[in-house]
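First comes the structure, then the notes that go with it.
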Amino acid sequence: MPAEEENMEYRKMNSGYEIPALALGVWQSGDDTEAAVEAALKNGYRHIDTAAAYDNEEEVGKAIAKSGIPREDLFITTKLRNDDIRAGKTREALMESLKKLGLDYVDLYLIHWPVEGSSKAWQEMRKLRDEGYIRSIGVCNFKKHHLEELIEETGEVPAVDQMEFNPQMQDEEVEAFCKDNGIVLEAWSPLGHGSSLSSPVIAEIAQAHKKSPAQVILRWELNKGIVPLPKSVHENRIQENFDVFDFDLTQDEMAKLDALNEGKRTGPDPDNFDF
Ligand code: A2P
Numbered sequence: 567m568p569a570e571e572e573n574m575e576y577r578k579m580n581s582g583y584e585i586p587a588l589a590l591g592v593w594q595s596g597d598d599t600e601a602a603v604e605a606a607l608k609n610g611y612r613h614i615d616t617a618a619a620y621d622n623e624e625e626v627g628k629a630i631a632k633s634g635i636p637r638e639d640l641f642i643t644t645k646l647r648n649d650d651i652r653a654g655k656t657r658e659a660l661m662e663s664l665k666k667l668g669l670d671y672v673d674l675y676l677i678h679w680p681v682e683g684s685s686k687a688w689q690e691m692r693k694l695r696d697e698g699y700i701r702s703i704g705v706c707n708f709k710k711h712h713l714e715e716l717i718e719e720t721g722e723v724p725a726v727d728q729m730e731f732n733p734q735m736q737d738e739e740v741e742a743f744c745k746d747n748g749i750v751l752e753a754w755s756p757l758g759h760g761s762s763l764s765s766p767v768i769a770e771i772a773q774a775h776k777k778s779p780a781q782v783i784l785r786w787e788l789n790k791g792i793v794p795l796p797k798s799v800h801e802n803r804i805q806e807n808f809d810v811f812d813f814d815l816t817q818d819e820m821a822k823l824d825a826l827n828e829g830k831r832t833g834p835d836p837d838n839f840d841f
């Protein structure tokens with residue numbers, strides 16, 4: 567393992583592959599995407615989470631190419647957009663994403679939202695995995711009932727479910743289902759899109775550890791076995807969000823963060839969205 571990766575944690579997926587326990591998220595990174603990914607890779611990140619719908623796969627690809635990091639040391643995720651699921655264009659969509667990323671495989675390919683046609687897309691993703699274009703397959707924004715339906719219809723348990731998860735928005739039902747079924751839970755908007763950072767409870771814990779509120783939240787998620795995908799376009803914050811492997815929280819502190827749940831989403835509800 568390269569020296570800069572020594573401090574990183576990994577999770578084992580049901581596909582047999584390992585996933586680095588924290589990624590840079592690039593949703594809404596816009597024109598800053600390439601620089602943000604470059605900064606992340608320079609500072610030790612090896613896991614980047616993008617999506618066709620973010621419209622920045624090309625920028626992610628450019629930063630990967632510039633980094634010179636061997637492909638096998640990187641973990642790259644992208645996602646199948648809703649319209650391509652509905653249109654049954656899984657294969658074409660993946661090929662387009664690979665071209666934009668400049669890669670010949672992705673480590674993780676995810677169904678972006680639980681739309682009509684997801685089970686059919688899943689069957690195609692399995693074929694693409696068998697052909698070597700994808701290492702592991704999973705879903706995003708699947709609540710417990712969506713997961714149950716997919717497993718029932720396809721007979722396969724996804725490797726990953728990526729959900730909004732942060733102190734104010736904890737879906738305990740999906741968390742327990744993922745744990746019981748060996749699904750790695752990833753957290754999008756792990757910092758509550760920034761809104762969890764102003765909690766006085768978190769500020770007090772942060773002070774006790776001489777860490778920032780963002781670092782405390784990310785450590786809490788890591789301790790719960792969740793893979794957080796914090797987004798930032800600022801190098802100092804990108805560094806800060808990765809500097810979370812050298813401290814721990816007490817059980818009492820973990821419980822204090824658990825108690826901040828308000829079931830309050832910053833993004834759309836997977837049972838009620840219109841895109
Ligand atoms: P920016 O990109 O300007 O740094 P989430 O990943 O939960 O959606 O949160 C992302 C938001 O939080 C973005 O607005 C990002 O802003 C901000 N952010 C990311 N990391 C930090 C940090 N360590 N401290 C403060 N704000 C942060």
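Under my numbering, the first residue of the sequence shown is numbered 567, with each subsequent residue one higher.
For glycine and all other residues, C-beta sits at the position ideal for the given N, C-alpha and C.
What you are looking at is a predicted structure, and each value in this text was computed from that prediction instead of being measured.
Run the CB neighbour count on Thr643, radius 10 Å, all protein chains shown included, and call it buried at 16 or more, exposed below. Residue environment for Thr643: buried (at least 16 other C-beta atoms within 10 angstroms of its C-beta).
To which residues does DSSP link Cys706 through a beta bridge? Gln728, per the DSSP bridge assignment.
So, at 8 Å on beta carbons, what are the nonlocal neighbours of Ser581 in its own chain, with the 5 sequence-adjacent residues on each side left out? The answer, listed in chain order, is Arg701, Ser702, Ile703, Ala725.
C-beta contact flag for Asp837 and Lys709 at 8 Å: A Cβ-Cβ contact shorter than 8 Å links Asp837 with Lys709.
Using a threshold of 7 Å, is the CB atom of Glu604 nearer than that to any non-hydrogen atom of ligand 3? Absence of ligand 3 from the depicted structure is noted, with ligand 1 being the only ligands included.
Report buried or exposed for Ser798, applying the criterion of at least 16 other Cβ atoms within 10 angstroms of its Cβ. Around the beta carbon of Ser798, 16 or more other beta carbons sit within 10 angstroms, so the residue counts as buried.
Just how far apart, CA to CA, sit Arg577 and Glu584? For Arg577 and Glu584, the distance between alpha carbons rounds to 6 Å.
Mind reading off the beta-carbon distance from Pro794 to Leu607? Whole number of angstroms is fine, and I expect it under 8 Å. Not quite, the Cβ-Cβ distance comes to about 18 Å (not below 8 Å), so this is no contact.
Return the bridge partner residues of Phe591 from the DSSP annotation. Per the sequence shown, the amino acid found at residue 591 is Gly instead of Phe. Gly591 pairs with Asp615, Lys797.
Threshold first: 3 residues or longer. Then list the beta strand (DSSP E) segments lying entirely within the region 645-705, N to C. Counting only unbroken stretches of 3 or more residues, the beta strand (DSSP E) elements lying wholly within the region 645-705 are 672-677, in sequence order.
Using the C-alpha atoms, what's the distance from Ala753 back to Glu571? Since pLDDT at Glu571 reaches only 49, below the 50 mark, its modelled position is unreliable, and no value is offered.
Grouping DSSP H, G and I as helix and E and B as strand, with all else coil, what is Phe841? Coil at Phe841, not helix or strand.
Quick one: grab the DSSP three-state call for Met579. If DSSP states are grouped into helix, strand and coil, Met579 belongs with coil.
Look up Met574 in the DSSP assignment and say whether it is helix, strand or coil. DSSP places Met574 outside both helix and strand once states are collapsed to three, so it counts as coil.
Can you list, in chain order, the residues of its chain with a C-beta nearer than 6 Å to that of Val672? Leave out the 5 residues immediately preceding and following it. Hits under 6 Å: Ile642, Thr644, Ile700.
I need the straight-line Cα distance from Asp650 to His678, nearest angstrom please. Taking the straight line from one Cα to the other gives about 10 Å.
Between which two residues does the alpha helix (DSSP H) holding Ile771 run? That run of the alpha helix (DSSP H) goes 766-775.
Opposite Glu752 in the DSSP bridges: which residues? According to DSSP, residue pairing for Glu752 in a beta bridge involves Gln728, Val793.
Which residue's Cα is closest to the Cα of Pro680: Met729, Lys777, Gln734? Closest in alpha carbon position to Pro680, among Met729, Lys777, Gln734, is Met729.
Straight-line gap, Gly654 to Met579 (C-alpha atoms, nearest Å): Going by the C-alpha atoms only, they are around 27 Å apart.
Beta carbon of Asp670 nearer than 8 Å to that of Leu664: It is a contact, given that the beta carbons lie within the stated cut-off.
DSSP beta-bridge partners of Asp835: Beta-bridge pairing links Asp835 to Asn838.
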